[in-house]
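Since the structure comes first, as structure tokens, the remarks are kept for the end.
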Amino acid sequence: MEVQETRVQTDRVLTIPNILSMARLVGVPLFLWLILRPEFGGPKSDGWALLVLMFSGISDYLDGKLARRWNQISSLGRLLDPAADRLYILSTLVGLTWREILPLWLTAALLARELMLLVMVGILRRHGYPPPQVNFLGKAATFNLMYAFPLLLLSDASGWLGSLAAIFGWAFAGWGTTLYWWAGILYVVQVRRLVKADVVAD
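Written out as structure tokens, the structure is:
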């Protein structure tokens with residue numbers, strides 16, 4: 124997830140970065156369907172699900188890179204990019220938890236952080252502020268989780284590949300969850316400062 128906040132924005136909708144973000148959003152229900160097929164009597168489609176995740180990761184990198192290089196940073200892109208990231212994380216959590224690949228406590232920890240952010244966004248809107256911008260820690264956390272989830276999906280396979288994927292997958296999951304909460308706490312501190320300054324100004 125690239126930070127799109129330091130250059131002049133455009134109101135254009137049909138830019139290459141925005142189209143990439145839209146394609147990522149379309150891939151969310153496709154990924155969830157692929158990963159849950161075995162739970163409803165269908166064939167295992169983990170390979171296809173991994174390909175969708177790989178496309179998500181590549182397009183996530185490209186949309187921000189191209190937006191900055193081609194001066195196509197847009198207000199819509201600033202909404203689509205983090206929305207796609209969060210929906211992929213949510214759909215992956217649902218799919219992997221349903222498949223019992225992820226433990227419920229880890230899913231609860233990540234969802235609790237998202238709930239905390241929603242509360243903060245509500246507080247900001249009540250004071251007339253936009254949602255907080257993506258910071259470096261939040262971006263790093265997302266990348267770690269995007270590496271963790273496909274590796275944990277691979278860990279469901281048997282043999283040495285599954286064992287190796289489990290080791291690296293849980294390492295990335297641990298780092299990603301820690302950074303995810305750290306970034307969330309920084310958001311809370313940022314919101315507190317803005318609200319406090321707003322109260323003092325009044």
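Just so we're aligned: the sequence shown equals residues 124 to 325 in this note's numbering. Note that CB positions come from ideal geometry on N, CA and C, so glycine has one too.
Problem - Buried or exposed (CB count within 10 angstroms, at least 16 for buried), Arg248 - result: exposed
Exercise for the section: Report the residue from Ala207, Ser278 and Leu229 whose alpha carbon sits nearest the alpha carbon of Asp169. Expected result: Ser278
Handout entry: Residue of Phe295, Val311 and Leu287 minimising C-alpha distance to Phe266
Key = Phe295
Problem - Buried versus exposed, by CB contacts within 10 Å (16 or more), Ser144 - result: Of the other Cβ atoms in all chains shown, 16 or more fall within 10 Å of the Cβ of Ser144; this residue is therefore buried.
Exercise for the section: Please state whether DSSP places Val257 in a helix, a strand or coil. Expected result: coil
Exercise for the section: Measure the alpha-carbon distance for Ala306 versus Trp298 and round it to whole angstroms. Expected result: Cα to Cα, Ala306 sits roughly 12 Å from Trp298.
Practice task
Use the C-beta contact count for Leu176: other C-beta atoms within 10 angstroms, 16 or more gives buried, fewer gives exposed.
Solution key: buried
Problem - Residue environment, Phe163, which counts as buried when at least 16 other CB atoms sit within 10 Å - result: exposed
Exercise for the section: Run the CB neighbour count on Glu125, radius 10 Å, all protein chains shown included, and call it buried at 16 or more, exposed below. Expected result: The predicted position of Glu125 is uncertain, since its pLDDT is 38 and thus under 50; a value taken from the coordinates is nonetheless stated next. Flag for Glu125 reads buried.
Problem - C-beta atoms of Ser182 and Phe154 nearer than 9 Å - result: no
Practice task
Measure from the alpha carbon of Tyr310 to the alpha carbon of each residue in Phe259, Ala271, Gly282 and Ala289, then state which is nearest.
Solution key: Phe259
Handout entry: Pro254 versus Leu302 - alpha carbon distance
Key = 19 Å
Practice task
Take every Cβ of the region 281–295, pair it with every Cβ of the region 205–218, and state whether three or more of those distances are shorter than 8 Å.
Solution key: Touching, no.
Exercise for the section: Answer with buried or exposed for Arg147, where buried requires no fewer than 16 other C-beta atoms within 10 angstroms of its C-beta. Expected result: buried
Problem - For Gly164, the three-state DSSP class (helix, strand or coil) - result: coil
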